[in-house]
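Trainee:
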Amino acid sequence: MEVIKRKWAYAAVAALLIFLILLPFDWFLGRYTFLMVFIGINTIVTIGLCLLMGYTGQVSLGQAAFFGMGAYVSAILSKTYDVNPWLAMLIAAASTGAFAYVIGYPVFRLKGNYLAMATLGLGIIMYILFRQMAQYTGGPDGMGGIPYLSIGGFVFDTPFRRYFLVWFVCLVIILISQNMIRSRTGRALRAIHTSEAAAQSIGVNVTQFKVKVFVLSAVYASVAGSLFVHHLRFVSPQPFDFLASVTLITMAVVGGLASIWGAIFGAATIKLISDEILVELGQVNAKLADLDVVIFGLILMLVMIFMPKGLFVSLRDAFDSWRKKRALRGVKS
Amino acid sequence: MSADQFVQYLVSGLTQGSIYALVGLGFTMIYAVTRIINFAQGEFVMLGGMLSFVLLDSAGLPLAVSIVLAVLIAALVGAALQFLAIRSAKQASHVSLIIITIGAAVFIRGIAKELWGVDPRPLPPFSGDTSIRFLGAFIHPQALWIIGTTVVVALAVHFFLSYTTVGKALKACSVNSAAAPLVGIDPKMMGLIAFVLAALLGAICGAVTAPLTLTRYDVGITLGLKGFVAASIGGFKSPWATVAGGVLLGVVESFAVAADWGPFTSAYKDAIALVVLVLILLARSRKLAEED
Chain A
1 MEVIKRKWAY AAVAALLIFL ILLPFDWFLG RYTFLMVFIG INTIVTIGLC
51 LLMGYTGQVS LGQAAFFGMG AYVSAILSKT YDVNPWLAML IAAASTGAFA
101 YVIGYPVFRL KGNYLAMATL GLGIIMYILF RQMAQYTGGP DGMGGIPYLS
151 IGGFVFDTPF RRYFLVWFVC LVIILISQNM IRSRTGRALR AIHTSEAAAQ
201 SIGVNVTQFK VKVFVLSAVY ASVAGSLFVH HLRFVSPQPF DFLASVTLIT
251 MAVVGGLASI WGAIFGAATI KLISDEILVE LGQVNAKLAD LDVVIFGLIL
301 MLVMIFMPKG LFVSLRDAFD SWRKKRALRG VKS
Chain B
334 MSADQFVQYL VSGLTQGSIY ALVGLGFTMI YAVTRIINFA QGEFVMLGGM
384 LSFVLLDSAG LPLAVSIVLA VLIAALVGAA LQFLAIRSAK QASHVSLIII
434 TIGAAVFIRG IAKELWGVDP RPLPPFSGDT SIRFLGAFIH PQALWIIGTT
484 VVVALAVHFF LSYTTVGKAL KACSVNSAAA PLVGIDPKMM GLIAFVLAAL
534 LGAICGAVTA PLTLTRYDVG ITLGLKGFVA ASIGGFKSPW ATVAGGVLLG
584 VVESFAVAAD WGPFTSAYKD AIALVVLVLI LLARSRKLAE ED
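Next comes the structure, spelled out in structure tokens:
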């Protein structure tokens with residue numbers, strides 16, 4: 001049965017890759033290229049959140065803070081201080097990771113509800129800082145004129161070029177994460193999720209592993225933030241507020257908390273709802289465009305009540321058991 | 334700082350602190366009985382204020398009737414939240430329950446925005462607008478209403494928990510929810526009652542504070558957070574500890590804003606509560622870890 005399952009998984013991944021390569025061409029789905037760049041960026045953040053919530057069982061309600069830190073450090077260094085954008089991205093990822101490491105140890109002495117509130121508080125503090133430190137961040141009005149990324153003379157100045165850059169980074173991050181889950185670290189994380197006491201008794205340093213994943217998820221979010229500002233060339237506090245953290249959680253929940261590939265599904269679904277479907281509906285009736293929050297709230301409640309493993313994983317499991325049943329029937333007849 | 338200013342900041346701290354205490358009482362009530370942190374607690378406060386305004390302004394009902402109806406509707410929402418969402422997910426993990434109540438909060442807030450727009454809404458003050466002079470400070474009569482309501486509500490909760498059968502059953506659930514069914518207490522029913530009471534408390538808070546602070550579809554986020562801080566200072570146990578936590582937070586905030594820190598002014602007021610929260614959580618993390 002495992003072989004059949006794996007065969008299907010390979011086929012699905014191959015189909016997805018072909019789809020992703022063809023998508024930005026004008027004769028296919030070229031008009032979605034710009035949106036797809038955002039979906040790729042959101043997927044990167046969501047993968048970090050999945051590692052943290054789905055695999056390790058720790059909640060972060062402030063993931064948008066790390067996303068914003070990456071965005072702002074990149075924007076400020078590359079625009080105000082003329083630092084090379086790649087170097088700025090590296091500095092952003094390193095400093096965000098270091099920040100997550102420093103706060104990680106005290107924060108992960110907390111559990112469950114308290115951890116959720118502490119990360120929520122952290123997210124709101126960072127949002128206040130983004131807004132108030134106007135001399136660096138441009139305040140609520142934001143700052144524009146951030147340079148494009150470039151390699152040698154090749155500038156990523158069209159959505160088409162940035163699409164391949166972002167999805168390349170995204171796939172690299174998927175590969176790294178997949179490898180980590182199958183490694184010693186991944187097994188330790190799942191052990192922590194199942195029972196912290198049991199994990200500790202077989203020699204897993206629980207706090208250390210939690211902090212490790214927390215730092216990794218913060219670095220992912222920071223890289224995504226850097227890509228975000230070099231795509232949009234503009235940064236303001238609003239995409240990093242509390243609602244942004246909730247939106248990211250919704251993506252993780254739709255993707256199935258413990259599924260790396262599901263993150264793409266989650267990010268794409270949520271982005272399509274908020275940036276395409278509701279915008280279309282908004283042209284019919286302006287009030288409908290604001291419904292995204294209501295829909296996300298409903299999704300969060302319904303998925304968690306009826307499919308606690310997440311939408312994508314539940315659908316995949318249903319597909320697997322359907323195939324298993326069919327295969328068994330084949331053996332009998 | 335002169336003596337007059339000192340009294341002024343103290344009074345404004347006490348008023349804000351009373352608001353936080355009222356919100357915190359809702360958190361404590363639900364957590365003590367069900368071990369759930371209700372991230373939608375702030376939305377009950379918003380509903381209390383906004384519904385009072387809508388009933389008064391659009392339906393033209395008298396102020397007192399509007400407030401009573403608003404509080405009752407909010408209580409219904411609380412019951413619906415427990416009955417439809419929390420109870421359906423009975424075997425859910427911590428993570429799931431947190432996500433469910435966040436989903437509920439975002440949902441309620443979104444609906445409020447759709448229905449009533451984004452403008453701040455006022456309620457008329459209960460006893461006029463003329464400030465009272467007290468020890469050199471000016472006190473808005475609504476501030477007295479807020480402080481008075483908090484005292485009355487805290488007393489009512491105390492007597493309810495100590496002297497009524499239902500109250501004692503709630504207390505039993507909070508002490509040991511596994512043993513409570515052995516003496517015939519239904520924990521599900523108690524969960525429902527806790528959510529209804531928390532919604533009532535939140536909505537009362539929203540209605541009493543709206544004349545002074547205005548209300549808006551999104552007041553629930555910060556108020557919920559401050560209420561949570563108040564409840565954490567109190568350790569989610571007795572109503573009095575929560576009230577003390579709320580008042581402490583309000584006074585600290587008020588004086589922190591009063592101290593002029595150059596560029597770090599009132600814009601950072603909300604950050605103060607969060608820093609207090611993080612400090613408390615860290616200071617008590619060992620104890621909290623044992624309870625969890």
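Taken in sequence, the protein lines are chains A and B. Using our numbering, the letters of the first sequence map in sequence onto residues 1 to 333. Using our numbering, the letters of the second sequence map in sequence onto residues 334 to 625. Cβ coordinates follow ideal geometry from the N, Cα and C atoms, glycine included.
1. Please work out which residues of its chain come closer than 7 Å, Cβ to Cβ, to A:V303, disregarding the five sequence neighbours upstream and downstream, and give them in chain order.
2. Since B:R454 sits in a beta bridge, which residues does DSSP pair it with?
3. Please say whether B:L582 and B:A563 have beta carbons closer to each other than 8 Å?
4. Check this for me: beta carbons of A:G40 and A:C170, under 8 Å apart or not?
5. If you drop the 5 nearest sequence neighbours on each side, which residues of the same chain put their C-beta closer than 7 Å to that of B:T555?
6. When you compare the CB of B:K446 with every CB in chain C, is at least one pair closer than 8 Å?
7. With a Cβ-Cβ cutoff of 8 Å, do A:R233 and A:G144 count as a contact?
8. Closest to A:I299 by CA distance: which of B:I369, B:L448 and B:V439 is it?
9. Looking only at DSSP bridge pairs, what is A:M143 linked to?
10. So for B:S507, helix, strand or coil by DSSP?
11. In chain B, which residues lie with their C-beta within 8 Å of the C-beta of A:A88?
12. State the Cα-Cα distance for the pair A:V213 and A:N42, rounded to the nearest angstrom.
13. List, in order along the chain, the chain B residues whose C-beta lies closer than 9 Å to that of A:P147?
14. Regarding A:F38 and the ligand NAD, is the C-beta to nearest heavy atom distance less than 7 Å?
15. In angstroms with no decimal places, state the Cα-to-Cα distance between A:I47 and A:D290.
16. Give a yes or no on whether 8 Å exceeds the smallest Cβ distance from B:Y601 to chain A.
17. Return the CA-CA distance between B:V356 and B:L488, expressed in angstroms with no decimal places.
18. Would you mind reading off the limits of the beta strand (DSSP E) that contains B:R466?
19. Can the beta-carbon of A:F38 be found less than 8 Å from the beta-carbon of A:M69?
20. Per the DSSP calculation, B:A470 is bridged to which residue(s)?
21. How would you write the range of the alpha helix (DSSP H) that B:V428 sits in, first residue to last?
22. Rounded to a whole number of angstroms, what is the C-alpha to C-alpha distance between A:V206 and A:N179?
23. Contact defined as beta carbons within less than 8 Å: I believe B:G524 pairs with B:Q415. What is the distance between those atoms, to the nearest angstrom?
24. Using beta carbons (cut-off 8 Å, strictly below), is A:D290 in contact with chain B?
25. Using 8 Å as the limit for Cβ to Cβ distance, is B:G350 near chain A?
26. If you draw a straight line from the C-alpha of B:A502 to the C-alpha of B:A513, how long is it?
27. Enumerate in chain order the residues of its own chain whose CB-to-CB distance from A:M1 is below 8 Å, with the five nearest sequence positions on each side excluded.
28. Under 9 Å Cβ-Cβ, which residues of chain B neighbour A:L300?
29. Can you tell which of A:F28, A:A263 and A:Q283 has the C-alpha that lies nearest to the C-alpha of A:S177?
30. How should A:V215 be labelled, buried or exposed, when 16 other C-beta atoms within 10 angstroms of its C-beta is the threshold for buried?
Mentor: With the structure as the only source:
1. To locate residue 303 of chain A, count along the first sequence from 1; it is residue 303. Answer for A:V303: V253, V254, G310 and L311, listed in chain order.
2. As a working mapping, residue 454 of chain B is identified with position 121 in the second sequence. Per DSSP, the beta-bridge partners of B:R454 are B:T548.
3. In the second sequence, residue 563 of chain B corresponds to position 230, counting from 1. In the second sequence, residue 582 of chain B corresponds to position 249, counting from 1. Contact: yes.
4. Here residue 40 of chain A refers to the residue found at position 40 of the first sequence. Here residue 170 of chain A refers to the residue found at position 170 of the first sequence. For A:G40 and A:C170, yes; Cβs fall inside 8 Å.
5. Residue numbering aside, residue 555 of chain B sits at position 222 when the second sequence is read from its first letter. D603, listed in sequence order.
6. Given the protein chain composition of this structure (A and B), no chain C is represented.
7. Position 233 of the first sequence, counted from the first residue, corresponds to residue 233 of chain A. Position 144 of the first sequence, counted from the first residue, corresponds to residue 144 of chain A. Yes, the pair counts as a contact, with Cβ atoms nearer than the cut-off.
8. Indexing the first sequence from 1 puts residue 299 of chain A at position 299. Residue nearest to A:I299 within the set B:I369, B:L448 and B:V439 is B:V439 (criterion: CA-CA distance).
9. Numbered from its first residue, the first sequence carries residue 143 of chain A at position 143. Note: A:M143 sits in a beta bridge opposite A:V235.
10. Within the second sequence, residue 507 of chain B is the residue found at index 174, counting from 1. Three-state DSSP puts B:S507 in a helix.
11. Within the first sequence, numbered from 1, the residue matching residue 88 of chain A stands at position 88. Listed by position along chain B, the residues whose Cβ is nearer than 8 Å to that of A:A88 form an empty set, because the closest Cβ is around 25 Å away.
12. The sequence position of residue 213 of chain A within the first sequence is 213, counting from 1. The sequence position of residue 42 of chain A within the first sequence is 42, counting from 1. So the two alpha carbons sit approximately 18 Å from each other.
13. Here residue 147 of chain A is taken as the residue at index 147 of the first sequence, counted from 1. Ordered by position in chain B, no residue passes the 9 Å Cβ test against A:P147, which lies about 29 Å from the chain.
14. The ligand content of the structure shown is nil, which means the ligand NAD is not present either.
15. Numbered from 1 along the first sequence, position 47 holds the residue referred to as residue 47 of chain A. Numbered from 1 along the first sequence, position 290 holds the residue referred to as residue 290 of chain A. C-alpha separation (whole angstroms): 27 Å.
16. The count along the second sequence starts at 1 and reaches residue 601 of chain B at position 268. Answer yes: the Cβ-Cβ gap between B:Y601 and chain A drops below 8 Å somewhere.
17. The residue you call residue 356 of chain B lines up with position 23 of the second sequence. The residue you call residue 488 of chain B lines up with position 155 of the second sequence. Looking at the two C-alpha atoms, the distance is approximately 15 Å.
18. Stepping through the second sequence from its first residue, residue 466 of chain B is reached at position 133. Segment I465 to F467, the beta strand (DSSP E) holding B:R466.
19. On the first sequence, residue 38 of chain A is found 38 positions in, with the first residue counted as 1. On the first sequence, residue 69 of chain A is found 69 positions in, with the first residue counted as 1. In this structure, A:M69 does not lie closer than 8 Å to A:F38 by Cβ.
20. Here residue 470 of chain B refers to the residue found at position 137 when the second sequence is read from its first residue. According to DSSP, which records beta bridges pairwise, B:A470 is partnered with B:F467.
21. Residue numbering aside, residue 428 of chain B sits at position 95 when the second sequence is read from its first letter. Residues H427 to W449.
22. Here residue 206 of chain A refers to the residue found at position 206 when the first sequence is read from its first residue. Here residue 179 of chain A refers to the residue found at position 179 when the first sequence is read from its first residue. Cα-Cα distance, rounded: 20 Å.
23. Walking along the second sequence from the start, residue 524 of chain B turns up at place 191. Walking along the second sequence from the start, residue 415 of chain B turns up at place 82. Confirmed, about 6 Å.
24. As a position in the first sequence, residue 290 of chain A is number 290, starting the count at 1. Chain B, which has a Cβ nearer than 8 Å to the Cβ of A:D290, makes this yes.
25. As a working note, residue 350 of chain B is residue 17 in the second sequence. Under the 8 Å criterion on CB atoms, B:G350 is classed as non-interfacial with respect to chain A.
26. Taking the second sequence and counting its residues from 1, one reaches residue 502 of chain B at position 169. Taking the second sequence and counting its residues from 1, one reaches residue 513 of chain B at position 180. B:A502 and B:A513: Cα-Cα distance of roughly 8 Å.
27. In the first sequence, the residue the question calls residue 1 of chain A occupies position 1. Caution applies to A:M1, whose pLDDT of 44 falls short of 50 and renders its modelled position unreliable; the value that the coordinates give is listed next. Closer than 8 Å at the Cβ level, and outside the excluded window around A:M1, lie K324 and A327.
28. Start at 1 with the first residue of the first sequence, and residue 300 of chain A comes out as number 300. What A:L300 touches in chain B: I432, I433, I435, G436, A437, V439 and F440.
29. Here residue 177 of chain A corresponds to residue number 177 of the first sequence, with the count starting at 1. Nearest C-alpha to A:S177: A:A263.
30. On the first sequence, position 215 is the one that residue 215 of chain A refers to. The residue is buried, with at least 16 neighbouring Cβ atoms inside 10 Å.
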